[in-house]
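Numbering (our numbering), first residue to last: 1339 to 1780.
Every residue gets a Cβ at the ideal spot worked out from N, C-alpha and C, and that includes glycine.
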Ligand SMILES: *[C@@H]1O[C@H](CO)[C@@H](O)[C@H](O)[C@H]1NC(C)=O
Ligand SMILES: *[C@@H]1O[C@H](CO)[C@@H](O)[C@H](O)[C@H]1NC(C)=O
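What follows is the structure, given as structure tokens:
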């Protein structure tokens, strides 16, 4: 038997197949079968899932489909089928090899900035499962992401070279797909359990970490304890939490319980001490490379401009909250890294990144960073983004998609900054390109 590769796995195309919404490559392979009976060359079209561990499943499925088709039309020849099976096994063998250099797994924890659909499965009001959310997503449908299209984790997955992680609660997250990673984030949550109580049923941080343990048990059943540990240790982790502890707790209502209990500086300090416990738990669960984002420019989002701003200036109070929280977070990460003797935690200054396009939106191709694309009232910043809201025609011209969340375009720019940040202004102690180059040797 002879195998010719007619079309190497290069073309990147969108596959509406099993692995919906993900990049895949197509290879065409010609099998020339030499046996007691000769057959014309067969062209086998194989879809290979880009660099993902799940490639095996994907090939298997396509090949089975083909096998079915061929055996159906050529059922008369048992010898042919025997040959074909042998050929397919050999072809499979060729492609199972790249498994060794499969993309690293990716795990996501946090709030609506990174949730990609967990809340769709919960009885909560914190959800993004109706239009116009998702209007620019490849499917043009809402997915649960708080974006017109992709969010920050999606762009990070692209950089890793794998498909987007599924929400942990998705029933599709089974079998080999588990090896790509999982997204545990849930819109509305904060560092504290009492943040987001108005959203009722959301996955609080302690619960996200419990799910991470449960996830590892499921993967252990699949590939064994040793490989599971390796997968988790090698993985990239993203955690984005903290903004809601101010917006949806301390400042939710005047004289909130937390604001009566703590001055703002003491509240920030308390949050950092609770956050530290969560990060230590994450470390205990095996995470060894964790991107930790600070809070964004909380006072400058359209929702705050609508409620607190007279002339479009950012809310000083919420900006003060962010400027108390972020430096202490950096300090805490440095302390943890020295405690663990390794750069486990990478501080990501999303506030600085977002500030860049808030102070100079035009430099990034935005016409405004004050008005949300989708919403109503002043700055389109009041209430929720719903089918009845104002909707801008060109989402790429807006830094903010809805009153709280960046547009897809802004999310892409932020992740680009993760990659290329050349100074410690954005990423401490290193950028994502450096992390990927370093960790590729593990
Ligand atoms: C949040 O609640 C869980 C479960 O009740 C508890 O184990 C955890 O300690 C709480 N976390 C905080 C910060 O209070
Ligand atoms: C990442 O950071 C390193 C070290 O600061 C720098 O040399 C490199 O150019 C950065 N990577 C990219 C792609 O900009």
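Mind checking whether residue i and residue j have CB atoms under 8 angstroms apart?
i	j	result
residue 1524	residue 1453	yes
residue 1737	residue 1707	yes
residue 1526	residue 1450	yes
residue 1662	residue 1616	no
residue 1635	residue 1576	no
residue 1671	residue 1709	no
residue 1500	residue 1444	yes
residue 1521	residue 1506	yes
residue 1544	residue 1462	no
residue 1467	residue 1456	no
residue 1579	residue 1566	no
residue 1442	residue 1574	yes
residue 1598	residue 1588	no
residue 1606	residue 1666	yes
residue 1725	residue 1641	no
residue 1715	residue 1654	no
residue 1519	residue 1533	no
residue 1735	residue 1702	no
residue 1753	residue 1493	yes
residue 1755	residue 1766	no
residue 1692	residue 1712	no
residue 1495	residue 1743	no
How would you write the range of the alpha helix (DSSP H) that residue i sits in, first residue to last?
i	result
residue 1695	1688-1697
residue 1662	1654-1678
residue 1595	1595-1599
residue 1644	1640-1646
Under a three-way DSSP split, which group does residue i fall into?
i	result
residue 1389	The predicted position of residue 1389 is uncertain, since its pLDDT is 34 and thus under 50; a value taken from the coordinates is nonetheless stated next. Coil, per DSSP.
residue 1765	strand
residue 1491	helix
residue 1483	strand
residue 1777	helix
residue 1729	strand
residue 1682	coil
residue 1564	helix
residue 1475	coil
residue 1539	coil
residue 1510	coil
residue 1577	strand
residue 1770	helix
residue 1499	coil
residue 1418	For residue 1418, the predicted structure reports a pLDDT of 48, less than 50, and the residue's modelled location is therefore unreliable. A value from the coordinates is still provided. DSSP places residue 1418 in helix when its eight states are reduced to three.
residue 1446	strand
residue 1738	strand
residue 1720	strand
residue 1650	coil
residue 1634	coil
residue 1531	coil
residue 1467	coil
residue 1504	coil
residue 1438	In this prediction, residue 1438 has a pLDDT of 40, which is less than 50 and means its spatial position is unreliable; nothing more can be read from the coordinates.
What residue range does the beta strand (DSSP E) around residue i cover?
i	result
residue 1550	Where residue 1550 is concerned, there is no enclosing beta strand (DSSP E), although the alpha helix (DSSP H) it sits in stretches over 1543-1561.
residue 1756	Residue 1756 -> not in any beta strand (DSSP E); alpha helix (DSSP H) instead, spanning 1746-1758.
residue 1604	Taken as a continuous stretch (DSSP letters only), residue 1604 belongs to no beta strand (DSSP E), being part of the alpha helix (DSSP H) at 1602-1622.
residue 1516	That residue, residue 1516, is in no beta strand (DSSP E); it is neither H nor E in DSSP.
residue 1629	1628-1631
What do you reckon, is the C-beta of residue i under 7 angstroms from a heavy atom of ligand 4?
i	result
residue 1452	With respect to ligand 4, the structure offers nothing, as its ligand set consists of ligand 1 and ligand 2.
Closer than 6 angstroms from C-beta to any heavy atom of ligand 1: which residues, in chain order? 1530, 1531, 1544, 1612
With contact counted as at least three CB pairs below 8 angstroms, one residue from each stretch, are the stretch 1718-1734 and the stretch 1652-1668 in contact? Counting Cβ pairs under 8 angstroms, fewer than three are found: no touch.
Quick check: the stretch 1595-1614 against the stretch 1682-1691, are there 3 or more CB pairs under 8 angstroms? Segments in contact, no.
When you compare the stretch 1749-1756 with the stretch 1709-1726, are there three or more beta-carbon pairs, one atom per stretch, that lie closer than 8 angstroms? no
Is it true that the stretch 1546-1560 meets the stretch 1618-1628, where meeting means three or more beta-carbon pairs spaced less than 8 angstroms apart? yes
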